[in-house]
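Down below is the structure, laid out as structure tokens.
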Amino acid sequence: MADELFFKSIAELGDLLAARTVSATELTRAVLARTQAVEGRLHAFNSRDEAEALAQAGASDARRAAGQARGPLDGIPVGLKDVIAVAGQPLTASSRMLANFVSPYDATVTARLKAAGAVFWGRLNCDEFAMGSSTENSAFGPTSNPWDLTRVPGGSSGGSAAALAAGAAIATLGSDTGGSIRQPAALCGVVGLKPTYGLVSRYGLVAFASSLDQIGPLTRTVEDAAIMLGALAGHDPLDSTSFPADIPDYRAELKRRPGPWRLGIPKEYFGAGLDPEVQAAVERAMDFYRAQGCTLQEVSLPHTQYCLDTYYIIATAEASSNLARYDGVRYGHRSTAAKDAVDLYRQSRAEGFGAEVKRRIILGTYVLSSGYYDAYYLRAQKVRTLIRQDFLNAYREVDALLTPTSPVPAFKLGEKSDPLALYLCDIYTIGVNLAGLPAVSVPCGFTAGGLPIGLQLIGRPFDEANLLALAGAYERGHDWHRRTPSL
Amino acid sequence: MNYEAVIGLEVHVQIKTHSKVFTRVAAGYGQPANTLTDPVVLALPGTLPVMNKAALDAAIKAGLLLNAAIAPVCKWDRKNYFYPDSPKNYQISQYDQPICVGGAVEIELPGPARNVMGAHRLVPLTRIHLEEDVGKLHHSATESLVDYNRAGTPLLEIVSEPEMHSAEEAFAYLTSLRATMIYGGISDCDMEKGQLRCDANISIRPVGETKLGTKVELKNLNSISFVRDGIDLEIKRQVAVLERGGVLIQETRDYDGQTGTSQSLRSKEMAHDYRYFPDPDLMPVKVDAAWQERLRAECPELPLAKQRRFAERYQLPYTLTSVLVWQRALADYFEETVRLAGLDQAQVVGNWIVNDLLRELAAPAAPGLAEAKVRPSHLAALVQLVGSGAVRAHAAKEIFTEMFATGESPEAIADRRGLKAAPTDAGELEQWCRAAIAGNAKAQAEFRAGKDSAINAFKGPVMKAAKGRADPPRVDAMLRQLLAGP
Amino acid sequence: MSSAPHLDLDHVAKLARLALTAAEQAEFSRQLGEVLHHIEQLAKVDVTGVEPTAHAFPVVNVWGEDVARPGLPVEAALRNAPAQRDHLIVVPKVVE
Chain A
332 MADELFFKSI AELGDLLAAR TVSATELTRA VLARTQAVEG RLHAFNSRDE
382 AEALAQAGAS DARRAAGQAR GPLDGIPVGL KDVIAVAGQP LTASSRMLAN
432 FVSPYDATVT ARLKAAGAVF WGRLNCDEFA MGSSTENSAF GPTSNPWDLT
482 RVPGGSSGGS AAALAAGAAI ATLGSDTGGS IRQPAALCGV VGLKPTYGLV
532 SRYGLVAFAS SLDQIGPLTR TVEDAAIMLG ALAGHDPLDS TSFPADIPDY
582 RAELKRRPGP WRLGIPKEYF GAGLDPEVQA AVERAMDFYR AQGCTLQEVS
632 LPHTQYCLDT YYIIATAEAS SNLARYDGVR YGHRSTAAKD AVDLYRQSRA
682 EGFGAEVKRR IILGTYVLSS GYYDAYYLRA QKVRTLIRQD FLNAYREVDA
732 LLTPTSPVPA FKLGEKSDPL ALYLCDIYTI GVNLAGLPAV SVPCGFTAGG
782 LPIGLQLIGR PFDEANLLAL AGAYERGHDW HRRTPSL
Chain C
368 MNYEAVIGLE VHVQIKTHSK VFTRVAAGYG QPANTLTDPV VLALPGTLPV
418 MNKAALDAAI KAGLLLNAAI APVCKWDRKN YFYPDSPKNY QISQYDQPIC
468 VGGAVEIELP GPARNVMGAH RLVPLTRIHL EEDVGKLHHS ATESLVDYNR
518 AGTPLLEIVS EPEMHSAEEA FAYLTSLRAT MIYGGISDCD MEKGQLRCDA
568 NISIRPVGET KLGTKVELKN LNSISFVRDG IDLEIKRQVA VLERGGVLIQ
618 ETRDYDGQTG TSQSLRSKEM AHDYRYFPDP DLMPVKVDAA WQERLRAECP
668 ELPLAKQRRF AERYQLPYTL TSVLVWQRAL ADYFEETVRL AGLDQAQVVG
718 NWIVNDLLRE LAAPAAPGLA EAKVRPSHLA ALVQLVGSGA VRAHAAKEIF
768 TEMFATGESP EAIADRRGLK AAPTDAGELE QWCRAAIAGN AKAQAEFRAG
818 KDSAINAFKG PVMKAAKGRA DPPRVDAMLR QLLAGP
Chain Y
148 MSSAPHLDLD HVAKLARLAL TAAEQAEFSR QLGEVLHHIE QLAKVDVTGV
198 EPTAHAFPVV NVWGEDVARP GLPVEAALRN APAQRDHLIV VPKVVE
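Chains as they are written, first to last, in the working numbering: chain A, 332 to 818; chain C, 368 to 853; chain Y, 148 to 243.
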């Protein structure tokens, strides 16, 4: 890995911190300086609190000096997507609606990272309310891809992926409703893990689609993803959808699971619309696994063609209700033009939300409205059952699925102005959310033009240990993750 | 033409829990504005609901008390509508899978006279479901002000079938339902505090017609007497409209109990479309037999069942049962006193409670029953003193008043104040009785001819001769013994 | 089919409490028409006898015990409120 501190992994920095070669304060200063150097070109952050980060780093150093270091994350600068609540800090969801909102409470993941000693570094840009695949839907302007500043970093967790790839954080958190961790991870050349639905608490995550949303880490390496997941995972009594699963030591399990694995290649994921360079890179990854003794077989997920529609019905329906609370009454943007309470809602929401959010609220309201519920929402929930069943059927024969993460590498800012064209970026990732499965995107090559390509591995429910081991086996055989963008 | 009213009631009952239904901040009434909130109540970004076990228990218990079927599985739905008192702009409720289905409320209609029991009947229920309450709006001339303290309080919605036909029936329904909820410990049902709220759906139709007429929803029936008066008013209004050839429109009307009038609420901007869908933030509730049985064991006997039992077991008249059974604490007080005083004293105990205890409790600044210093043991002791002849009726009243004030034992009061009937010499008593019988030949003849009440004619002279020291039951016994003789 | 025959944008925007400009109306009408047209293909799926999935990994009876915990102090609760008076949130007059 690169020499600069800010390009090192959590695991490497953990050793340096433990050996007192580097202090948390030095590390944090390095990340702060790097951020200052690149942020003008990237625009990955919505807000930054340098004094607070340095104070936390100082506290970490004090703990370590007292022999009370809390583990591998103690003193590590971690960036949070701006949809995760931190008490006393802004929480904007990249929306004008929440431009001035300050959260009075911590998300559960925030509390867990605090307990692990992480240094919070910045609130990262994203598509407004996590709705989008390019981070162009941010009310505060788009984020650029560190590998090519004229291109998007993906989305919605684009700021999380871009900041990490650029060395402006050591690890970040994103949220994934239809691919929002994995797709930007793929487009920015980092590791992005979407855990099984229910493994990581959603309490304190600004809700987009409640039955699909999951928080997960973006990291430089698979081992770092395992370290982060160890800190994030676990049952939370504040989230009724949190699953009471046993949490293994993911980092230790990486070494205990040598494979070989039976890998399924879903034939529906290699059709029209797949960029040939992406396809070639993914096929080389297949060859690698084959060479490692894994068996690969084609499998079918026959309802794949319905994933996009099912997703847009369920996600927008839930979103239309989840976003009803943004009304300018208790918090958030309030229009000064309103003449009565109904008008207050209509005007505040018109002024506070961007176009994509409005489109999805309208679509979601429509599919739930009187006379259409059965035809759209209920039917989509039934198709969701079939989609889920497809995956579970495949897992009777294979241990994991291997696919591209995104059909295309990073595209140009402004290139995809049509909503439907942008929705198609998610075709390989949304099935995973509908089925609630864990999946990870790992770097698997670069295009001739120097753009990163991501490989998606999809695991069994709550089997992140095997999934990460599988991803780690690939990573050990390659050095894509060691490359850094020249910024 | 004669019209028949068809009435269905939708009653909301706040469940008495420590914390709110989907978060653990305290629930309560009368606290300073916006002091009972947390991030979940305020619907801050990122917050999630978590069910309150006690609210579920209460909902199931309500269903068991009302003989409803408890759904083996129920779920939560979002009812989407925008209103400033609703922090999320959706209410978590139960749409197509309520926690309880069916059931009935037993009601007692007014009898022909106060001391005569009226007819009983069962008013069937459609469903009972659990939901969350909203905040409270205060309106000024130009603005509305919002307090979210009430938001998120657990609320039962109890929906009756449209099977009541008069304001009296609706009144009886609400009286019985309210007592049931209080008995079950589900709610205090204080209507002034909004713990019980009632909306009525009212229509009329010509007698004999089976099709329902145009339904009017009457809101803000926020006291039990308003329910009776408001429904009565609405039935009369509807009849008047039809009789002058008018047409009823489906509308919501607001009842003003102060002026005894109602007015149509301006129709909403658009018809409601609540867009119900299952709340993805909550998991379903599964109620197994063991859970039901545990709660069934906690279910108390309901007032009207108690009324039947009191009449049978204690041989009490309706004038007593109708008063004793509506407050669980009073009925328990009665039964405990009888247990201590003896079954043969039941009616005497009932009279003491209904006449004397309730009178003292009704006085201004009097304590509540739970705090009253006269406990069942005191009253039982007093009843026994009277029964044994140690204290006479008149003295007993004095003792009771003092006992109520001080909580001292009746024995002690009687001793201290010299209120015990002096022991009477049996020979002396016999002498007085013989003299009284001898002095009234007419009554003697009447008694022997079978007129039992003639015996009373001898008692006055006996008591007079005894200067009040004689014990009435003993006098009665002695008189009968002598009259039965040769 | 390029526009959704059923989508009454005006009505739906009212339900969603969104004031839309004429330009937004025209744009959304076209875009959502395309999306809805795409979605129509779900009608082809045979879902006879298929149970709907509400949760990927459903569990039942997830609750907390009824113990009241401290909430937010009123100042913190109202800190983000756009308008308040006497610890109450102020909104324009609610018209029934």
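C-beta: ideal position from N, C-alpha, C; glycine also. On a predicted model such as this, the values are computed, not experimentally measured, just so you know.
What residues in its chain sit with their C-beta under 6 Å from that of residue i, if we drop five residues either side in the sequence?
i	result
A725 (chain A)	G595, V630
E636 (chain C)	In this prediction, E636 (chain C) has a pLDDT of 43, which is less than 50 and means its spatial position is unreliable; what the coordinates show is noted afterwards. Counting only Cβ-Cβ distances below 6 Å, and skipping sequence neighbours, we find nothing.
N568 (chain C)	G375, K582, E584
G410 (chain A)	W452, G453, L455, A494, A500, T503
V741 (chain C)	M770, F771
K503 (chain C)	D514, R517
A648 (chain A)	G695, V698, L699, Y708
T547 (chain C)	L432, L669
Looking at the strands, I want to know which residues DSSP matches up with residue i.
i	result
S631 (chain A)	DSSP output for S631 (chain A) lists no bridge partner at all.
V690 (chain C)	Looking at the DSSP assignment, V690 (chain C) forms no beta bridge with any residue, so it has no partner.
V373 (chain C)	C:S570
Q630 (chain C)	C:D621
P769 (chain A)	None, per the DSSP bridge assignment.
Taking only three categories from DSSP, how would you classify residue i?
i	result
V525 (chain A)	First, the amino acid is wrong: residue 525 (chain A) is Lys here, not Val. In this structure, K525 (chain A) counts as strand in the three-state DSSP scheme.
W443 (chain C)	coil
V388 (chain C)	coil
S425 (chain A)	coil
Y457 (chain C)	strand
R663 (chain C)	helix
N419 (chain C)	strand
E475 (chain C)	strand
N482 (chain C)	coil
N456 (chain A)	coil
R164 (chain Y)	coil
H379 (chain C)	strand
K578 (chain C)	coil
Q420 (chain A)	coil
Using C-beta distances below 7 Å, list every residue in its chain close to residue i, excluding the 5 sequence neighbours before and after it, in chain order.
i	result
R642 (chain C)	N447
S631 (chain C)	E618, R620
D567 (chain A)	T439, S532, Y534, S573
A421 (chain C)	T384
G803 (chain A)	V553, E554, L585
D405 (chain C)	T390, V392
Please return the same chain residues whose Cβ sits closer than 8 Å to the Cβ of residue i, not counting the five positions on each side in sequence.
i	result
L422 (chain A)	D413, V414, I415, A416, L429, F432, V433, S434, R454, V537
L489 (chain C)	A471, V472, E473, I474
G580 (chain C)	V373, S570, I571, R572, Q605, L615
Would you say the beta carbon of residue i is closer than 8 Å to some non-hydrogen atom of the ligand PLP?
i	result
A502 (chain A)	Ligands displayed in this structure: none; no statement on the ligand PLP is therefore possible.
Item to check | Cβ contact (3+ pairs, closer than 8 Å) linking the region 458 to 475 of chain A and the region 745 to 763 of chain A | outcome: Short answer: they touch.
Checklist entry - If contact means a Cβ-Cβ distance below 8 Å, which residues of the region 551 to 579 of chain A contact chain C? => result Taking 8 Å as the Cβ-Cβ cut-off against chain C, the residues of the region 551 to 579 of chain A that qualify are P568, L569, D570, S571, T572.
Checklist entry - Got a sec: which bits of the region 184 to 205 of chain Y sit with their beta carbon under 8 Å from any beta carbon on chain A, in order along the chain? => result Result list: H185, I186, Q188, L189, A190, V192, V194, V197, E198, P199, T200, A201, H202, A203, F204.
Checklist entry - Is there contact here, the region 752 to 759 of chain C with the region 835 to 849 of chain C, by at least three beta-carbon pairs under 8 Å? => result A contact exists between the region 752 to 759 of chain C and the region 835 to 849 of chain C.
Next on the checklist: Output needed in chain order: residues of the region 384 to 400 of chain C with a Cβ under 7 Å from some Cβ in chain Y.
Outcome noted: For the region 384 to 400 of chain C, residues whose beta-carbon sits nearer than 7 Å to a beta-carbon of chain Y comprise T384, H385, S386, R391, V392, A393, P399, A400.
Item to check | Residues within the region 407 to 435 of chain C neighbouring chain A, beta-carbon criterion of under 9 Å | outcome: Those residues of the region 407 to 435 of chain C that come within reach of chain A (Cβ to Cβ, closer than 9 Å) are V407, L409, A410, L411, P412, G413, T414, L415, P416, V417, M418.
Checklist entry - Between the region 532 to 551 of chain A and the region 790 to 803 of chain A, are three or more C-beta pairs nearer than 8 Å? => result Fewer than three beta-carbon pairs drawn from the region 532 to 551 of chain A and the region 790 to 803 of chain A are found closer than 8 Å, and the two stretches are therefore not classed as touching.
Checklist entry - Any contact of the region 760 to 767 of chain A with the region 496 to 505 of chain A, i.e. 3+ C-beta pairs under 8 Å? => result Taking 8 Å as the limit for Cβ pairs, the verdict is that the region 496 to 505 of chain A does not touch the region 760 to 767 of chain A.
Item to check | Short-range partners of chain Y found in the region 590 to 604 of chain A, where Cβ spacing is below 9 Å | outcome: For the region 590 to 604 of chain A, the set of residues with a beta-carbon nearer than 9 Å to any beta-carbon of chain Y is empty.
Item to check | Residues within the region 635 to 650 of chain A neighbouring chain Y, beta-carbon criterion of under 8 Å | outcome: Against chain Y - using a Cβ distance shorter than 8 Å - the residues of the region 635 to 650 of chain A are Q636, Y637, L639, D640, T641, Y643, I644.
Next on the checklist: Using a Cβ-Cβ cutoff of 8 Å, what residues of the region 436 to 470 of chain A are near chain C? List them in chain order.
Outcome noted: Of all residues in the region 436 to 470 of chain A, Y436, A438 have a Cβ within less than 8 Å of some Cβ in chain C.
Next on the checklist: Any contact between the region 423 to 435 of chain C and the region 645 to 663 of chain C? By contact I mean 3 or more CB pairs, one from each, below 8 Å.
Outcome noted: For the pair of segments examined, the region 423 to 435 of chain C was found to touch the region 645 to 663 of chain C: the number of CB pairs separated by less than 8 Å reaches three.
Checklist entry - At a cut of 8 Å, does the region 556 to 565 of chain C reach the region 411 to 418 of chain C through at least three beta carbon pairs? => result With a cut-off of 8 Å, the region 411 to 418 of chain C and the region 556 to 565 of chain C do not count as touching, because too few Cβ pairs lie within range.
Next on the checklist: Any C-beta of chain C within less than 9 Å: which residues of the region 535 to 546 of chain A qualify?
Outcome noted: If the cut-off is 9 Å between Cβ atoms, the region 535 to 546 of chain A has G535, L536, V537, A538, A540, S541, S542, L543 near chain C.
Item to check | At least three beta-carbon pairs within less than 8 Å, the region 702 to 719 of chain A to the region 485 to 494 of chain A | outcome: These segments do not touch.
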